[in-house]
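2 protein chains.
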Amino acid sequence: MNKMIKKEKSKRPIILITNDDGIMAPGIKHLIKLMRTIGDVVVVAPDKPQSAMGHAITIAMPLRLDHIVAEENYKEYSCSGTPVDCVKLAVNNILHGKPDLLVSGINHGSNASINVIYSGTMSAAVEGAIENIPSIGFSILDFSFDIDLAPADKYILSVARKVLKNGLPLNTCLNVNIPVTKKIKGLKVCRQSLGYWADEYFERKDPHHKNYYWLTGKFINEDKGKDTDEWALKNGYISAVPTQFDFTAHHALSQIKHLEE
Amino acid sequence: MNKMIKKEKSKRPIILITNDDGIMAPGIKHLIKLMRTIGDVVVVAPDKPQSAMGHAITIAMPLRLDHIVAEENYKEYSCSGTPVDCVKLAVNNILHGKPDLLVSGINHGSNASINVIYSGTMSAAVEGAIENIPSIGFSILDFSFDIDLAPADKYILSVARKVLKNGLPLNTCLNVNIPVTKKIKGLKVCRQSLGYWADEYFERKDPHHKNYYWLTGKFINEDKGKDTDEWALKNGYISAVPTQFDFTAHHALSQIKHLEE
């Protein structure tokens, strides 16, 4: 793979874009359009939908990379792997270094609250944070590919510009969720609401009389804190949660000392 | 699906077992053997290896479940999905309720430090914690299926018994890693070491002259804290990290207030 964009060649920031809905999704097309107004863009995104992949990586199979667009300030690759694979491959074999900013999305569907843990979009942003790249995941609270993404444009551009300028705290990326409304009230920095999914499976028989199961469920949020992402979104604000990858329950360390032997 | 094991029928605890190496791996066979000495066991594990799946769930495809063993105090199912799918399906469609304990593993390979984020084994335990089930992920620091798992037996049984008796702090599961040694010194409660992977890809050409990429890399740990899992493991101890799913970087909330609009 050639070095496609060298930092020395351009004073514009290099922005790496990925997602989990796949390279053809309207959300990533919209994000590309916005980011091209502020930087040189390299897209490395899954060649098919990879929703709910969590922080999956591909280790038991080789990955494929197809170079689709090769313009001066805009490159596009599709990748056979997960969103995390896309980030790793982009940094190691396409950019040969770190971009100035990584943005993931715009995801079609919420990644607020507990959804962050299942989210391929956010796993790409978290992988960016692990690799010390200022990283933001964007999601809108609607699965429809027809949704009007424009009302959030000024906020997406503003937060991207600020993060480009100031960076983010160490080991932290941003989980940005966008409510569906024509009149967004603003952007609030929040904590992750402690909601969860009450799962249910459709149980059906296939034409060969064998059972199959299809996941469905209902999101439950009993965490009514006004400092949460769910509160912000319900009240017409974009939510921005600083998101990290130290999973230690530090507050619980002393509570489980009795397990030591 | 019938209610396979009803709590009323048995005073022994019901222990749900899963993993990410697949139902045929020696690690899960060993864990089953141990857990059957302290409870009635239901195994719901992937029908194929699902390593590095992170917290992936299957939503775009139906799931299959095969009932393999149906003894009085021991049931075994293989599932076409990820470790998280196994937990969700077990709770919803097999147990029709929560088990008294969920154990995942024994994983062949470390899930200490940053590995927790990529781990299917730990994602099953985290899913357990989300569903308020006392949950433990076990891993041994060797990929070989021939490794002697017996030196850790007494610690695995002891921690499982203690968690059955006392539970775990709210929204917390345990990430237990086992060093490869005949003489384990003990079990230490630790925090997750802030290591990372320096990735590299093998880049090769297939027989049709197309490139493919295969992930490899080197684990780097600059976090030398004696309170970390990596320190414990290097010094002959089993590590137990209380692990949670609030990804908010609480310490960073005030640092990024300037992003608000």
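So the protein sequences, as listed, match chains U and P.
Going by the numbering used here, the first sequence opens with residue 1, and the numbers climb by one from there.
Going by the numbering used here, the second sequence opens with residue 1001, and the numbers climb by one from there.
In this text, a Cβ means the ideal position worked out from N, Cα and C, and glycines have one as well.
| Under 8 Å by beta carbon: chain U residues contacting L1089/P | As a first step, residue 1089/P is located in the second sequence; it is residue number 89 there, counting from the start. Correct list: Y201, Y213.
| field | Neighbour-count burial assignment, T1037/P, 16 or more Cβ in a 10 Å radius | value | For the purposes of this step, residue 1037/P is taken as the residue at position 37 of the second sequence. Result: exposed.
| request: Would you please verify whether the beta carbon of G1022/P is less than 7 Å from any beta carbon of chain U? | output: For the purposes of this step, residue 1022/P is taken as the residue at position 22 of the second sequence. No, because no Cβ of chain U sits closer than 7 Å to the Cβ of G1022/P.
| request: State the CB to CB distance for the pair I184/U and P151/U, rounded to an integer number of angstroms; the pair is presumed to be in contact (CB under 8 Å). | output: Residue mapping note: residue 184/U aligns to position 184 of the first sequence, counting from 1. Residue mapping note: residue 151/U aligns to position 151 of the first sequence, counting from 1. Right, the Cβ-Cβ distance comes to about 6 Å (below 8 Å), so this counts as a contact.
| task | Using a Cβ cut-off of 7 Å (strictly closer), state whether Q1050/P contacts chain U. | result | Against the second sequence, residue 1050/P aligns to sequence position 50. Not closer than 7 Å to any Cβ of chain U, the Cβ of Q1050/P fails to qualify, so no.
| request: With DSSP collapsed to three states, give me the class of H96/U. | output: Within the first sequence, residue 96/U is the residue found at index 96, counting from 1. DSSP places H96/U in coil when its eight states are reduced to three.
| request: Note down the Cα distance separating Q1244/P from L194/U, rounded to an integer number of angstroms. | output: Locating residue 1244/P in the second sequence gives position 244, where the first residue counts as 1. Locating residue 194/U in the first sequence gives position 194, where the first residue counts as 1. Going from the Cα of Q1244/P to the Cα of L194/U covers about 11 Å.
| said: According to DSSP, simplified to helix, strand and coil, what is M1004/P? | reply: Locating residue 1004/P in the second sequence gives position 4, where the first residue counts as 1. Reliability fails at M1004/P, whose pLDDT of 46 lies under 50, so the model's placement of it is uncertain and no value is given.
| Residues of chain U with a CB under 7 Å from the CB of N1092/P: which are they? | By one-based count along the second sequence, residue 1092/P stands at place 92. Here the neighbours are D199, E200, Y201.
| Just by C-beta distance, which residues in the segment 1058–1075 of chain P are closer than 9 Å to chain U? | T1058, I1059, A1060, M1061, P1062, L1063, R1064, L1065
| If we count the other Cβ atoms within 10 Å of its Cβ and call it buried at 16 or more, is G137/U buried or exposed? | Position 137 of the first sequence holds residue 137/U. G137/U comes out buried.
| query | Is the distance from the Cβ of I1106/P to the Cβ of I1140/P below 7 Å? | reply | In the second sequence, residue 1106/P corresponds to position 106, counting from 1. In the second sequence, residue 1140/P corresponds to position 140, counting from 1. Yes; because the gap between Cβ atoms is below 7 Å, this pair is in contact.
| request: Look at the alpha carbon of K205/U and the alpha carbon of M61/U, and state the distance between them as a whole number of angstroms. | output: As a position in the first sequence, residue 205/U is number 205, starting the count at 1. As a position in the first sequence, residue 61/U is number 61, starting the count at 1. For K205/U and M61/U, the distance between alpha carbons rounds to 32 Å.
| Below-7 Å beta-carbon distance, G186/U vs any chain P residue | Reading the first sequence from its first residue, position 186 is the one you call residue 186/U. Closer than 7 Å: yes.
| said: Contact criterion: CB-CB distance below 7 Å. Does P1169/P meet it with respect to chain U? | reply: Taking the first residue of the second sequence as 1, we reach residue 1169/P at position 169. Chain U, which has a Cβ nearer than 7 Å to the Cβ of P1169/P, makes this yes.
| task | Could you have a look at Y118/U and say whether DSSP puts it in helix, strand or coil? | result | In the first sequence, counting from the first residue as 1, residue 118/U sits at position 118. In the structure shown, Y118/U sits in a helix (DSSP, three-state: H, G or I).
| request: Starting from the N-terminal side, write out each stretch of the beta strand (DSSP E) that is 3 residues or longer and does not extend beyond the segment 1026–1113 of chain P. | output: 1040–1046, 1065–1070, 1074–1079, 1101–1108
| request: Just the chain P side, please: which residues come within less than 9 Å of A112/U by C-beta, in chain order? | output: As a first step, residue 112/U is located in the first sequence; it is residue number 112 there, counting from the start. In chain order: nothing, as chain P lies at least about 11 Å away.
| field | Assigned secondary structure, A1249/P (DSSP; H/G/I helix, E/B strand, else coil) | value | Counting from 1 along the second sequence, the entry for residue 1249/P is found at position 249. Here A1249/P sits in coil by DSSP.
| field | Spatial distance of K1098/P from V1091/P (CA atoms) | value | Residue 1098/P sits at position 98 when you count from the first residue of the second sequence. Residue 1091/P sits at position 91 when you count from the first residue of the second sequence. Roughly 6 Å between the two C-alpha positions.
| said: Taking the straight line between their C-alpha atoms, what separation do you get for K33/U and A70/U? | reply: Along the first sequence, one-based indexing puts residue 33/U at 33. Along the first sequence, one-based indexing puts residue 70/U at 70. Rounded to the nearest angstrom, the two C-alpha atoms are 16 Å apart.
| Helix, strand or coil: which one does DSSP assign to Q1244/P? | As a position in the second sequence, residue 1244/P is number 244, starting the count at 1. It is a strand residue.
| query | Which chain U residues are close to D1246/P, counting only those with a beta carbon under 7 Å from its beta carbon? | reply | Residue numbering aside, residue 1246/P sits at position 246 when the second sequence is read from its first letter. Residues of chain U passing the Cβ test: Q192, L194.
| Identity of the residues DSSP links to E1200/P by a beta bridge | In the second sequence, residue 1200/P corresponds to position 200, counting from 1. BP columns for E1200/P point to T1216/P.
| request: Kindly list, in the order they appear in chain P, the residues whose Cβ is closer than 7 Å to that of P242/U. | output: For this step, residue 242/U is matched to residue 242 along the first sequence. Simply T1248, A1249, A1252, L1253, I1256.
| Of all the CB atoms in chain U, is at least one closer than 7 Å to the CB of Y1077/P? | Sequence index remark: in the second sequence, residue 1077/P carries index 77 (1-based). It does not; no Cβ of chain U falls within 7 Å.
| said: So, under 8 Å CB-CB, I1014/P and G1039/P are touching, yes? Tell me the CB distance rounded to an integer number of Å. | reply: Along the second sequence, read from residue 1 onward, the residue named residue 1014/P stands at position 14. Along the second sequence, read from residue 1 onward, the residue named residue 1039/P stands at position 39. That belief holds up - the Cβ atoms of I1014/P and G1039/P are roughly 6 Å apart, short of 8 Å.
| said: So, for G1167/P: in the same chain, excluding its five sequence neighbours on each side, which residues have a beta-carbon less than 7 Å away from its beta-carbon? | reply: The residue labelled residue 1167/P in the question sits at position 167 within the second sequence. Taken in chain order, the residues that qualify are P1134.
| Pairwise C-alpha distance: L1031/P and D1148/P | As a working mapping, residue 1148/P is identified with position 148 in the second sequence. As a working mapping, residue 1031/P is identified with position 31 in the second sequence. Cα to Cα, D1148/P sits roughly 13 Å from L1031/P.
| request: State yes or no: is the beta carbon of E1261/P nearer than 7 Å to at least one beta carbon in chain U? | output: Numbered from 1 along the second sequence, position 261 holds the residue referred to as residue 1261/P. Yes, contact with chain U.
| Can you give, in chain order, each stretch of the beta strand (DSSP E) that sits fully within the segment 1124–1208 of chain P and has at least 3 residues? | 1135–1140, 1172–1178, 1186–1189, 1196–1205
| field | Positions along the segment 133–160 of chain U whose CB lies within less than 9 Å of some CB in chain P | value | K154, Y155, S158, V159
| field | Close Cβ partners of T1058/P (< 7 Å) along its chain, the five nearest in sequence each way excluded | value | Numbered from its first residue, the second sequence carries residue 1058/P at position 58. The residues are G1081, T1082, D1085.
| Three-state secondary structure (DSSP) of I238/U | On the first sequence, residue 238/U is found 238 positions in, with the first residue counted as 1. In this structure, I238/U counts as strand in the three-state DSSP scheme.
| request: Can you tell me which of T228/U, K162/U, I28/U puts its alpha carbon nearest to the alpha carbon of D1246/P? | output: In the second sequence, residue 1246/P corresponds to position 246, counting from 1. For D1246/P, the nearest C-alpha among the options comes from T228/U.
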